[in-house]
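Just below is one structure, and these are the notes that go with it.
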Amino acid sequence: MAELINIKVNGKNHHVTVDPEMPLLYLLRNNLRLNGPKYGCGIERCGSCMVLLNGKAQPSCVIPGAAAAVYEVTTLEGLTKNNVLDPIQEAFIEEQAAQCGYCISGMIISAKALLTENKNPTDQEIRQALQRNLCRCGTHTRIINAVKKAAAKMNKG
Amino acid sequence: MKQFNDIKSGRREFLRGSGYLLMGFTLMPGLGFTTEPDECYLPEQTLIADREAIDSWIRFDADGILTVLTGKMELGQGIRTALMQMAAEELDIDIKKVRIIIADTGQTQDERYTAGSGSIEGSGNAIRNAAAEARKYLMALAAKELGSNVAELSVKNGIVKSNKNQKTIAYKDLVKGKRFEAEVSEKSELKKPADYKLVGKSIKRTDINDIAAAKSRFIQDLRLPDMVHARVMRPPVYKASLVSLPTEQVQKSPGVLKVVVNGNFAAVIASQEYESMKALEKMKQTAKWESKPIMPLQAQLYADMVQNGNAGEMVEGDKKTSKKPSESAVMLEAEYKRPYQMHGSIGTSCAIGLWKDGQLTIWSHTQGVYPLRSTISDLVNLPLEKIRVIGVPGAGCYGHNGADDVGGDAALLALQMPGKPVRVQWMREDEHKWEPYGSAMVLKIKAELNPEGKVTSWQTDIWSDTHSSRPGGKAGHLIAGQHLEKPFTFEGGGFSGGSHRNSLPLYDFETKNVALHNYKGPLRTSALRSLGAYGNIFALESFMDELALKAGKDPVQFRLDHLTDDRAKEVITTLVKKTGWDLKKEPGIGKGFAFAQYKNNASYFAVKAEVKLDRAAQTYRLVKLTGVIDSGQAINPDGIINQTSGGMIQAASWTMLEQVNYSSDGIESNSWETYPIFRFEDVPDTEVFVIDRPELEPLGAGEAAQGPVSAAIANAIFDATGSRLREIPLTPDKIDWSKVS
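Sequence order for the protein chains is G and L.
Just add 100 to wherever you are in the first sequence, counting from 1, and you've got the numbering used here.
Just add 373 to wherever you are in the second sequence, counting from 1, and you've got the numbering used here.
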């Protein structure tokens, strides 16, 4: 039955009373009203629901909210600080790296985790880092370019 | 002149700022809609019944903001930006002062379906003409105000200036927020392409700002006050009937508000989304079904198609059997196959229904709000005027997927929950198993080659199920409609031109014929991006390479030798220039070429595919796709590149990996594990060149790549391995590796 969960999302502490087994995705979307992470497959095979757990990109559609509460959670919303976009978000806009856009939250989250670890990824490393994220519109080429551009921006400071 | 009351100051900041949903919002009395922008999705109804009225397509408010109205839907193709560009261009106003309202039966005109790459040609031209007419009207007003002749006026950023006395007046001071109340005459003069400032420019899509910043609102993200959540339990297999469903257990599941069972349509409504999912699981465990096997089985499918397809009818070309082959000619024949394939939207189908005060409102990512409205009217037996369908973008659909079906689900369930918005979203498994697939096809081509290496006759035979079963007003085309206790029947046989799209070669052959054999197949099918063109072009452009080989000609030159259409030739020669086409053999590398004009009347597209073999692993990788497209007047070149490159990657995924697998017990491709699509490591590099022809009509571009890409890959595989693969997917196990040196 419902339990009180204390969870830190996008730098803020939240107290929510929910079924502790409920996957993190539904807690984020329905209880915290964050639309970044999206339902795509429910079995961690499409990456639409990617969030950062302590900085690591992970799907949120299976992990129970209670289990996720030990991590600091970041969604796409959390990358924008005081209305200033993250360089990755800027790069996606500059490269027009979206068609329908449904997968983009997951893409940016995976890219964020990558660029935190690896400042200068090769094409191949970018592909590997995004391998868990599906895009059906075929925007992959632009997404790779956007990640490269973001890396260049971040290295410039 | 009547004042518009839908555009009031105060709301506009949100409208302009959001740039995404672009709907006005009003408080809905009694429903407690708050004023938070992302919670208000019920724009005031402002529909003008007159399609010819300027105000049906464009409106100015008192502050000079131009509202464009389109009946077409945003599907990720960037149609909003392109249409705003076209309107802003004709009127010479700053595009930042333009907003757009998309498909809503309460606001926009009936423009049927957003399909067939027809939005620019259809809606775009209507908006362009309305804007030109509005300009003429505004010029007449301005001439009076400024004491000038129309000929002495010029416009910049919405300010009209008299070149006689240098006086100026803004559009907004001419319109003052009033309606135009004039009709669009066919004769309004359009701006000359040479004077274009916006059309032809790669204006950035403002909706991408919102997507990247998590501010966009997809249908899946709408959250209406008091909203409840529903999940539908689909049968395990198409024609199963529900034998028993003990509902007590499900009723007791936490949060459950209602269990709805009507024939084979069963659903659960709960307060919270997760509760509805848990209740659905319980329901599935207790439900007992009686199944009917799916026949014929997949292994016999293609043979069954040819055996049980109808006798065939000449549908294209000379419509007569070819003359007796000449003795000096060589006959060539081949058979190609494509399997059932999925749309595979990344977001699952979703809709919200609200039944309140005798009015049914459906929020939907449908491709056609008006046809969905009439279909729902049929389904729930309500008159059209009691139903409103509001289009809200979803994940990319690439044709007729589950969007309309889930709209029907939401309508039925909303009627069970008066006063509360009911949100229905499909689970991934249901999306995979229940969406209508692109039909499997068998294509037999026979051609005659004369001693000079020219094709003299060509005959294609197509076996295919329908490529269009869009509901268009018939509830029997919705899954829910077929599952009710008193079911609506699916009136099949709606075999349309989709099956033989692009089957007729654009090449100049003496005689050409296409016969279509309609086949009612075992799986549910409808429009998948490019319909039959994908399979037809795969066969046609593969066979052109087979003929070129037989004739001892370079495949590109062989095509050019059979073409008189200058634009067709130019996309091909441009591709050759850009990629340096030659047939020099490089070990382990294959190059393939293909060309088509989509529908034989829309965009011209040529593509080169490059594959690289890994002989040790007996596999190949698609390394690069390069495309050249001529869509006539390019409204937004970057938009064309984005969609074309996307189409190339998607078509490559279809071609190399995809087929819907099924057994007699049901669809086996029920997840991304069992229906794999391209992931990043599979994706080739892509490059697209646009031939812009500002002086010509704009042509639909969104589906041009699908067919040619498939044949270019097959041709590249042949070049590299000597194996001619004629059955999609072109998996490496179909290659005869013993022939590969």
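Ideal placement from N, C-alpha and C gives every residue a C-beta, glycine not left out.
Nearest CA to the CA of residue i: which residue from the options?
i                      : options                         : result
residue 252 (chain G)  : G:234, G:238, G:235 and G:219   : G:219
residue 1042 (chain L) : L:600, L:716 and L:426          : L:716
residue 441 (chain L)  : L:982, L:830 and L:459          : L:459
residue 142 (chain G)  : L:788, L:1064, L:1046 and L:747 : L:1046
residue 1023 (chain L) : G:246, G:225, G:160 and G:238   : G:238
residue 962 (chain L)  : L:845, L:979, L:986 and L:951   : L:986
residue 436 (chain L)  : L:697, L:550 and L:915          : L:550
residue 996 (chain L)  : L:1059, L:958 and L:875         : L:1059
Going by beta-carbon coordinates alone, are residue i and residue j separated by less than 9 Å?
i                      : j                     : result
residue 124 (chain G)  : residue 168 (chain G) : yes
residue 920 (chain L)  : residue 828 (chain L) : yes
residue 1085 (chain L) : residue 967 (chain L) : yes
residue 899 (chain L)  : residue 842 (chain L) : yes
residue 742 (chain L)  : residue 764 (chain L) : yes
residue 761 (chain L)  : residue 600 (chain L) : no
residue 1062 (chain L) : residue 901 (chain L) : no
residue 880 (chain L)  : residue 936 (chain L) : yes
residue 655 (chain L)  : residue 626 (chain L) : yes
residue 727 (chain L)  : residue 597 (chain L) : yes
residue 431 (chain L)  : residue 476 (chain L) : no
residue 678 (chain L)  : residue 892 (chain L) : yes
Report the three-state DSSP secondary structure of residue i (helix, strand or coil).
i                     : result
residue 798 (chain L) : strand
residue 931 (chain L) : helix
residue 248 (chain G) : helix
residue 414 (chain L) : coil
residue 388 (chain L) : Per-residue confidence for residue 388 (chain L) stands at a pLDDT of 28, beneath the threshold of 50, marking its modelled position as unreliable; the derived number appears in the next sentence. Helix, per DSSP.
residue 992 (chain L) : strand
residue 430 (chain L) : coil
residue 968 (chain L) : strand
residue 131 (chain G) : helix
residue 518 (chain L) : helix
residue 821 (chain L) : strand
residue 101 (chain G) : coil
residue 463 (chain L) : helix
residue 398 (chain L) : Annotation note: pLDDT 35 at residue 398 (chain L) (below 50); position unreliable, coordinate value reported separately. Note: residue 398 (chain L) maps to coil in three-state DSSP.
residue 551 (chain L) : strand
residue 477 (chain L) : strand
Apart from the five residues on each side of it in sequence, which residues of its chain come closer than 7 Å, Cβ to Cβ, to residue i?
i                     : result
residue 956 (chain L) : 927
residue 883 (chain L) : 829 and 830
residue 120 (chain G) : 103, 105, 164, 165 and 166
residue 721 (chain L) : 798, 799, 800, 801 and 804
residue 689 (chain L) : 873, 876, 877 and 887
Who are the near neighbours of residue i in its chain, counting only those whose CB is closer than 6 Å to its CB and skipping five residues on each side?
i                      : result
residue 482 (chain L)  : 424, 429 and 444
residue 130 (chain G)  : none
residue 1067 (chain L) : 566, 573 and 1006
residue 540 (chain L)  : 519
residue 394 (chain L)  : Note that residue 394 (chain L) has pLDDT 31, beneath the 50 cutoff, so the model's placement of it is unreliable and the number below is only indicative. Same-chain partners within the cutoff: 590.
residue 1072 (chain L) : 975, 976, 1004 and 1005
residue 1001 (chain L) : 944, 947, 948, 979 and 1062
residue 1096 (chain L) : 1108 and 1109
Leaving aside the five residues before and after residue i along the sequence, list all residues of the same chain whose C-beta is less than 8 Å from its C-beta, in chain order.
i                      : result
residue 578 (chain L)  : 451, 453, 454 and 1012
residue 513 (chain L)  : 523
residue 194 (chain G)  : 246 and 249
residue 631 (chain L)  : 641, 642, 789 and 790
residue 755 (chain L)  : 733 and 749
residue 988 (chain L)  : 961, 1110 and 1113
residue 1049 (chain L) : 1030 and 1031
residue 609 (chain L)  : 662, 664, 1038 and 1039
Tell me, please, whether the CB atom of residue i is closer than 9 Å to any CB atom in chain A?
i                     : result
residue 158 (chain G) : Note that chain A does not occur in the displayed structure, where the protein chains are G and L.
- Should the segment 520-530 of chain L be called in touch with the segment 1097-1105 of chain L, which here means at least 3 C-beta pairs below 8 Å? Output reads no: the segment 1097-1105 of chain L does not touch the segment 520-530 of chain L.
- Item | Three-pair Cβ contact test at 8 Å for the segment 565-573 of chain L versus the segment 995-1015 of chain L | yes
- Task: Inspect the CB distances between the segment 138-149 of chain G and the segment 206-220 of chain G and report whether three or more fall short of 8 Å.
- Result: yes
- Query: Looking at C-beta atoms only, is the number of pairs between the segment 549-568 of chain L and the segment 494-514 of chain L that lie closer than 8 Å three or more?
  - Reply: yes
- Query: Would the segment 745-760 of chain L and the segment 768-784 of chain L be scored as touching if the rule is three or more Cβ pairs under 8 Å?
  - Reply: Contact between the segment 745-760 of chain L and the segment 768-784 of chain L is present: three or more C-beta pairs spanning the two stretches fall below 8 Å.
- Looking at C-beta atoms only, is the number of pairs between the segment 1015-1029 of chain L and the segment 226-234 of chain G that lie closer than 8 Å three or more? no
- Indicate whether the contact test is met: 3 or more Cβ pairs, each with one atom in the segment 659-678 of chain L and one in the segment 843-852 of chain L, closer than 8 Å. no
- Three or more C-beta pairs closer than 8 Å, one from the segment 808-823 of chain L and one from the segment 687-707 of chain L: is that the case here? yes
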